[in-house]
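For reference, the structure discussed in these notes is given below.
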Amino acid sequence: MVDRMVAEEESVIEDSLLHQMDAIPQPWDYNPSAWDQRIPICILAMIAFFIASYMGLYQWRLVDSAWDPIFGDQTEKVLDSGVSEKMRRWFLVPDAIFGAVAYLGDAIFGLAGSTRRWQYRPWMVIVFGIDVIPLGIVSVVLVVLQGTIVGSWCFLCLVTAVISLILVYMAYDEVWSCLLYLRKVWKETKSKKIMWKTFWGLRTSEADRVAEEFIRMPKESPKRKSTPSK
Amino acid sequence: MWSRVVEMMLGLWLLMSPFIFRYDDSQTMIWASDYACGSAVIVFSLLSYVQSCRKIHLMNIAIGFWLVGFAYYLGFGDAPPAAQNSLILGMVLLMFAVIPSEASVPAPRWR
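Listed in order, the protein sequences are those of chains A and B.
Counting the first sequence from 1 gives a position; the numbering used here is that position plus 3.
Counting the second sequence from 1 gives a position; the numbering used here is that position plus 46.
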């Protein structure tokens, strides 16, 4: 009787393993796709979005002056600089607006997906990662270049650059787990077809097996099958 | 379904754009692009609510590319407001169009 109960319990764990929404992927001891990991990213990205939009409004001359508590009129010099003007010719819109769209993308791709999207929708995590990490680093480099080439500093630009770096730090864990999982699937199957399917979140038994070894359950509730929130 | 709702708002913005940015009556191409794209986005997003064509919102990706391309066609260099509007709408639409309708839960095959 007891044996049967234990066996039943084990099979419940096995069965629910692939549906556990709070499963912890390697190499962390928390779930990087959890809401409490992602929501702060979205909030921070939206703050940067509003700051960048404000600077864009100045570049469009929809506001008359750009606020700067430290560097005075240097912000306006940066925003009206030749570099910025050149970028506007390429992007068609002021460069700050381009940045604002990128920050909005961070928030959108941060919000989309379940708490196990590193496995269920890897493409989404990768797009999110591309938006946050390389684009974030490029924007930081641009801001630093502004200071050294244009010779003026812009307080709000620096704030968004700092936010970009914080976003990179906050987002890399999830992207890393996702890449590790994809690499493991590749190493164990060596099949382009399975890789392709895994990337787009299509199910294969091979990738399921890899995922099973890749995760562990949070300690406090090993058997709880959490209901996903809509 | 939040991404579908936002797409519909973007579609409405496209329909309002000729009046917000005061397009000239002679700018037929811009009127046509904004009206065609705006209505198509709204139709595709609404159709995504029908189970049998729930992935049709992916068509909005094509519209996003069109809007970006059309912006560059309209003006390289000193872009008029209509082109800037088209570019921004195109980029934002591209981001929303790839988001699945039931984004917060796993796809059906994982449930």
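Idealized CB from N, CA, C, for every residue including glycine.
Problem - Cut-off 7 Å between Cβ atoms - residues of its own chain near A:Gly59, not counting five sequence neighbours on either side - result: Excluding sequence positions up to five before and after A:Gly59, its CB lies within less than 7 Å of the CB of Pro97, Ala99, Ile100, Ala103, all in the same chain and listed in chain order.
Problem - Neighbour flag for B:Tyr119 against chain A, beta carbons, 8 Å - result: B:Tyr119 does not count as touching chain A.
Practice task
Mind checking who A:Arg219 pairs with in its DSSP beta bridge?
Solution key: As a beta-bridge residue in DSSP terms, A:Arg219 pairs with A:Ile27.
Handout entry: Touch test, the stretch 195-202 of chain A against the stretch 64-78 of chain A, Cβ-Cβ under 8 Å, three pairs minimum
Key = The stretch 195-202 of chain A, when compared against the stretch 64-78 of chain A, does not touch it at the 8 Å Cβ threshold.
Handout entry: Contacting positions in the stretch 94-107 of chain B - beta carbon closer than 8 Å to chain A
Key = For the stretch 94-107 of chain B, which is checked against every Cβ of chain A, not one residue is closer than 8 Å.
Practice task
Taking C-beta pairs closer than 7 Å, name the residues in chain B that A:Ser117 reaches, listed in chain order.
Solution key: For A:Ser117, the residues of chain B that pass the 7 Å Cβ criterion are Ser150, Val151, Pro152, in the order they occur in the chain.
Practice task
Using a Cβ cut-off of 8 Å, pull out every chain B residue sitting near A:Leu107, in sequence order please.
Solution key: Per Cβ cutoff of 8 Å: Val138, Met141.
Problem - Members of the stretch 74-96 of chain A that neighbour chain B once the beta carbon cut-off is set at 9 Å - result: If the cut-off is 9 Å between Cβ atoms, the stretch 74-96 of chain A has Arg91, Arg92, Trp93, Phe94, Leu95, Val96 near chain B.
Exercise for the section: Kindly list, in the order they appear in chain A, the residues whose Cβ is closer than 8 Å to that of B:Ile134. Expected result: Under a criterion of Cβ atoms nearer than 8 Å, the residues of chain A adjacent to B:Ile134 are, in order, Val96, Ile100, Val104.
Exercise for the section: Using 10 angstroms around the beta-carbon of B:Ser63, count the other beta-carbons present and answer buried if the total reaches 16, otherwise exposed. Expected result: Result: buried.
Problem - Start and end residues, alpha helix (DSSP H) containing B:Val144 - result: Where B:Val144 is concerned, there is no enclosing alpha helix (DSSP H), given that its DSSP letter is neither H nor E.
Exercise for the section: Determine, using beta carbons only, whether A:Cys160 and A:Gln77 come nearer to each other than 8 Å. Expected result: For the 8 Å CB-CB criterion, A:Cys160 and A:Gln77 do not form a contact.
Handout entry: At least 3 beta-carbon pairs within less than 8 Å: the stretch 145-154 of chain A vs the stretch 35-45 of chain A
Key = The stretch 145-154 of chain A is not in contact with the stretch 35-45 of chain A.
Practice task
Please confirm whether A:Gly113 and A:Ile44 have their CB atoms less than 8 Å apart.
Solution key: Yes, they are a contact pair.
Handout entry: Rounded C-alpha distance that separates B:Asp80 from A:Arg120
Key = For B:Asp80 and A:Arg120, the gap between their C-alpha atoms comes out near 35 Å.
Handout entry: Neighbour list for A:Ile136 in chain B, Cβ cutoff strictly below 7 Å
Key = Here the premise fails: no neighbours, minimum Cβ distance about 17 Å.
Handout entry: Residue-chain proximity (A:Ile218, chain B), Cβ-Cβ < 8 Å
Key = In terms of beta-carbon proximity, A:Ile218 stays away from the interface with chain B, with every pair separated by 8 Å or more.
Handout entry: Run of the alpha helix (DSSP H) containing A:Arg186, from where it starts to where it stops
Key = In the DSSP annotation of this structure, the continuous segment of the alpha helix (DSSP H) that includes A:Arg186 starts and ends at 158-192.
Exercise for the section: Below 8 Å CB to CB, which residues in the same chain sit around B:Leu104 once its five sequence neighbours on both sides are set aside? Expected result: Only Ala143, Val144 meet the Cβ criterion.
Exercise for the section: State yes or no: is the beta carbon of B:Trp77 nearer than 8 Å to at least one beta carbon in chain A? Expected result: For B:Trp77, not one C-beta of chain A is nearer than 8 Å to its own C-beta.
Practice task
Consider the Cβ of B:Gln73: report whether some Cβ of chain A lies at a distance smaller than 8 Å.
Solution key: Not flagged as an interface residue toward chain A: B:Gln73, since no C-beta distance is shorter than 8 Å.
Practice task
Tell me where the alpha helix (DSSP H) around A:Asp109 begins and ends.
Solution key: It spans 98-114 - the alpha helix (DSSP H) in which A:Asp109 sits, taken as one unbroken run.
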